[in-house]
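The numbering used here numbers the first residue of the sequence shown as 2 and each following residue consecutively. Report on the structure given below.
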Amino acid sequence: MKKKAATLALLSLILLFSGGLFPLHLFANEHASMGAGYDFSAVLTTMYSVRLKGDYSASIAREGKTNETHFYHFSAMNDNISVRIYDGDGMNIKIYNDTDVIINSSAPSNDAWDFFNFSNAEGEYIMEMTENLWTSDNGNYYGLEIVGTDRFFMNESQSSLYPGYSPSGNFSGSNDAMILGRGAEFSPYETYEIHSDGNFSVAIYDGDYTAVLVYEPDGTFHDIFIAPSNNAWDVFNVTGNASGYWKTILFDLQGTDDYSTEGNFYRIATDEEHVYIVNQNASDLFITYDFSSNAGVNRYAYRRQVGSFPPPVNSTPSIGFTQTQYQNIADDDGIWQSDSASLGSYASHRFVFTVNESTDDISLLHILWNGNGRHRLSPGAKLFLRNYSANGYEEIDSNTVSGEDTLEAFLQNASHFV
2 MKKKAATLAL
12 LSLILLFSGG
22 LFPLHLFANE
32 HASMGAGYDF
42 SAVLTTMYSV
52 RLKGDYSASI
62 AREGKTNETH
72 FYHFSAMNDN
82 ISVRIYDGDG
92 MNIKIYNDTD
102 VIINSSAPSN
112 DAWDFFNFSN
122 AEGEYIMEMT
132 ENLWTSDNGN
142 YYGLEIVGTD
152 RFFMNESQSS
162 LYPGYSPSGN
172 FSGSNDAMIL
182 GRGAEFSPYE
192 TYEIHSDGNF
202 SVAIYDGDYT
212 AVLVYEPDGT
222 FHDIFIAPSN
232 NAWDVFNVTG
242 NASGYWKTIL
252 FDLQGTDDYS
262 TEGNFYRIAT
272 DEEHVYIVNQ
282 NASDLFITYD
292 FSSNAGVNRY
302 AYRRQVGSFP
312 PPVNSTPSIG
322 FTQTQYQNIA
332 DDDGIWQSDS
342 ASLGSYASHR
352 FVFTVNESTD
362 DISLLHILWN
372 GNGRHRLSPG
382 AKLFLRNYSA
392 NGYEEIDSNT
402 VSGEDTLEAF
412 LQNASHFV
């Protein structure tokens with residue numbers, strides 16, 4: 002009995018770029034200017050800003066920690082500073098410099114932003130965020146934005162803060178608190194910078210398959226690493242010649258769901274002095290191909306069934322989706338496209354994307370499918386990708402469940418598949 006029903010909710014292909022990054026794209030008004038014209042002149046003051054990407058990008062006081070403090074350091078680049086905390090739920094906030102305590106307050110809001118503003122700012126500042134305790138293991142999630150600076154850094158000694166759970170050597174960086182995620186209030190990526198002469202190490206704890214993309218100070222792509230470990234460190238050595246700020250971008254590959262809140266916890270550290278948080282536009286990092294746009298134009302779907310699994314050629318199934326059927330797979334909204342196969346065949350969907358980018362500029366392919374494969378005797382679904390170098394399909398993920406599930410995979414050899 003080969004008859005199966007296949008249901009597709011959503012399929013997407015995400016390309017992570019190895020091409021150069023362009024500083025003008027980092028922050029929309031960072032390099033804005035106004036010149037003199039006619040009989041008047043004007044000066045535009047740049048307003049700097051930087052934030053953790055997701056509304057929930059870190060958590061404090063998780064797994065029974067009490068009186069935990071997170072430290073963030075920043076330099077004033079504008080006269081007026083606004084520190085903004087999302088969903089503080091009463092955590093204590095203290096901002097100070099070498100001579101004065103500027104703000105000593107709390108962030109009381111739930112699912113909203115609290116603002117801590119001060120003027121006549123100059124020089125270096127430290128912000129402390131303290132949580133006495135939290136009743137659930139996942140801790141108190143929060144977001145952070147600072148207006149008036151273009152970066153802030155974390156400098157926690159890993160061996161001092163987490164004795165026995167630090168990489169070998171003198172590494173400093175974040176608390177065991179940072180989050181990447183797939184939910185609406187999380188971000189799948191975060192952008193860091195590490196100042197170095199070109200030779201340094203970056204370490205990720207509990208990455209659960211996180212991609213680490215490293216760019217040289219001029220924006221040239223340098224290398225990509227994968228941090229696969231669960232509750233362990235992955236250490237990557239970077240060797241280069243350029244001195245300056247090396248951009249290090251983390252991207253969530255597998256959607257690991259710690260505490261069933263749609264977030265993947267991790268720690269980042271380096272053997273250099275600081276790990277900086279900086280802004281980076283997502284469109285400079287990756288492009289997503291799905292069926293929310295251009296369906297039937299340069300993104301095609303075909304349906305119904307195949308006689309062998311996988312088929313030996315890449316032209317079956319060959320029944321094209323209608324516009325209504327394309328709408329069924331346009332969004333992750335609970336609307337699915339279902340097809341059943343006749344006896345002796347396999348229910349199947351085939352997807353073809355026209356990729357505009359050169360394979361030289363693609364550092365990683367990330368493929369995600371959501372749906373189900375139903376059969377009363379042998380339920381499940383298999384995800385295949387055409388390997389043109391091998392002239393055949395390559396199985397990249399599978400399951401044996403009848404309910405809704407997500408299949409996904411990442412591949413670094415883009416030239417084999419594009």
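Heads up, the beta-carbon is just placed ideally off N, CA and C, and yes, glycines get one too. Since the structure is predicted, the reported quantities are computational estimates derived from the model, not experimental observations.
(message) Using C-beta distances below 6 Å, list every residue in its chain close to E191, excluding the 5 sequence neighbours before and after it, in chain order.
(response) For the purposes of this step, residue 191 is taken as residue 190 along the sequence shown, with counting starting at 1. Closer than 6 Å at the Cβ level, and outside the excluded window around E191, lie K54, L251.
(message) Quick check on the DSSP output: the beta strand (DSSP E) that includes Y267 runs from which residue to which?
(response) Reading the sequence shown from its first residue, position 266 is the one you call residue 267. Counting along the chain, the beta strand (DSSP E) containing Y267 begins and ends at 264-271.
(request) Would you mind listing the beta strand (DSSP E) stretches within the segment 182-253 that are 3+ residues and don't spill past its ends, in chain order? (result) 190-197, 200-206, 211-216, 222-228, 234-240, 245-253
(request) Please go through the same chain and pick out, in chain order, the residues whose beta-carbon is closer than 7 Å to the beta-carbon of N400, but skip the five residues on each side of it. (result) Counting from one through the sequence shown, the residue named residue 400 turns up at place 399. These residues qualify, in order along the chain: G381, A382, D406, L408.
(message) Excluding the 5 residues flanking T136 on each side, which residues of the same chain have their C-beta closer than 6 Å to its C-beta?
(response) Start at 1 with the first residue of the sequence shown, and residue 136 comes out as number 135. Taken in chain order, the list of residues that qualify is empty.
(request) Would you mind sorting S416 into buried or exposed? The rule is 16 or more other CB atoms within 10 Å of its CB. (result) Position 415 of the sequence shown, counting from 1, holds the residue named residue 416. By the neighbour-count rule (16 or more Cβ atoms within 10 Å), S416 is not buried but exposed.
(request) Could you say which of A270, S261, T257 lies nearest to A410 if we only look at CA atoms? (result) Locating residue 410 in the sequence shown gives position 409, counting from the first residue. It is T257 whose Cα lies nearest to the Cα of A410.
(request) Return helix, strand or coil for G36, following the three-state DSSP convention. (result) Here residue 36 refers to the residue found at position 35 of the sequence shown. Its pLDDT being 29, under 50, G36 is placed unreliably by the model, and nothing is read from it.
(message) According to DSSP, simplified to helix, strand and coil, what is H376?
(response) Here residue 376 corresponds to residue number 375 of the sequence shown, with the count starting at 1. In this structure, H376 counts as coil in the three-state DSSP scheme.
(request) Note the first and the last residue of the continuous alpha helix (DSSP H) segment covering Y260. (result) Indexing the sequence shown from 1 puts residue 260 at position 259. Here Y260 belongs to no alpha helix (DSSP H), and DSSP marks it neither H nor E.
(message) Under 8 Å: do the segment 320-337 and the segment 290-303 share three or more Cβ pairs, one atom per stretch?
(response) yes
(message) Closest to A62 by C-alpha separation, out of G297, R52, M48, M92, would be which residue?
(response) Counting from 1 along the sequence shown, the entry for residue 62 is found at position 61. Ranking G297, R52, M48, M92 by Cα distance to A62 puts M92 first.
(request) Count the other CB atoms, across all protein chains shown, that sit within 10 Å of the CB of A302; report buried if there are 16 or more and exposed otherwise. (result) Locating residue 302 in the sequence shown gives position 301, counting from the first residue. Buried: at least 16 other Cβ atoms inside 10 Å.
(message) Please tell me whether, using a cut-off of 6 Å, the distance from the CB of I127 to the nearest non-hydrogen atom of the ligand COA is below it.
(response) The model depicted lacks the ligand COA and carries no ligand whatsoever.
(request) Thinking A270 and G199 are a contact (beta carbons under 8 Å), I'd like their distance in whole angstroms, please. (result) Indexing the sequence shown from 1 puts residue 270 at position 269. Indexing the sequence shown from 1 puts residue 199 at position 198. Between G199 and A270 the Cβ distance is about 18 Å, and since that is not below 8 Å, they are no contact.
(message) For the segment 142-155 against the segment 74-94, do three or more pairs of beta-carbon atoms, one drawn from each stretch, fall closer than 8 Å, so that the two count as touching?
(response) yes
(request) Starting from T325, follow the alpha helix (DSSP H) in both directions and report where the run begins and ends. (result) What you label residue 325 is simply residue 324 of the sequence shown in a count that begins at 1. Counting along the chain, the alpha helix (DSSP H) containing T325 begins and ends at 324-329.
(request) Taking the CB atoms as reference points, tell me whether F226 and V236 lie closer together than 7 Å. (result) For the purposes of this step, residue 226 is identified with residue 225 of the sequence shown, where counting begins at 1. For the purposes of this step, residue 236 is identified with residue 235 of the sequence shown, where counting begins at 1. Cβ distance not < 7 Å, so F226 and V236 don't count as in contact.
(message) Between the alpha carbons of W114 and V203, how many angstroms are there, rounded?
(response) Residue numbering aside, residue 114 sits at position 113 when the sequence shown is read from its first letter. Residue numbering aside, residue 203 sits at position 202 when the sequence shown is read from its first letter. Looking at the two C-alpha atoms, the distance is approximately 32 Å.
(request) With DSSP collapsed to three states, give me the class of Q281. (result) As a first step, residue 281 must be located in the sequence shown, where it is residue number 280. In this structure, Q281 counts as coil in the three-state DSSP scheme.
(message) Closer than 8 Å is the cut-off here; do at least three beta carbon pairs connect the segment 276-284 with the segment 158-170?
(response) no
(message) Distance check for V356 and I96, CA to CA, integer angstroms please.
(response) As a working mapping, residue 96 is identified with position 95 in the sequence shown. As a working mapping, residue 356 is identified with position 355 in the sequence shown. Taking the straight line from one Cα to the other gives about 48 Å.
(message) Measuring only the C-alpha atoms, how far is G345 from S309?
(response) Translated into the one-based positions of the sequence shown, residue 345 becomes position 344. Translated into the one-based positions of the sequence shown, residue 309 becomes position 308. Approximately 9 Å between the Cα atoms of the pair.
(request) Excluding the 5 residues preceding and the 5 following S244 in the sequence, name in chain order all residues of the same chain whose CB lies nearer than 8 Å to its CB. (result) The residue given as residue 244 occupies position 243 in the sequence shown. Correct list, in chain order: S197, D198, G199, P218.
(message) Is it the case that the segment 65-76 contacts the segment 123-130, given that we only count it when at least three CB pairs across the two stretches are under 8 Å?
(response) yes
(message) Measuring straight from C-alpha to C-alpha, what distance separates H420 and S359?
(response) Since the first and last residues shown for the chain are 2 and 419, residue 420 lies out of range.
(request) Give every residue of the same chain whose Cβ lies closer than 6 Å to the Cβ of E132, excluding the five residues on either side of it in the sequence, and list them in chain order. (result) Here residue 132 refers to the residue found at position 131 when the sequence shown is read from its first residue. Here the set comprises I61, A62, E69, M92, N141.
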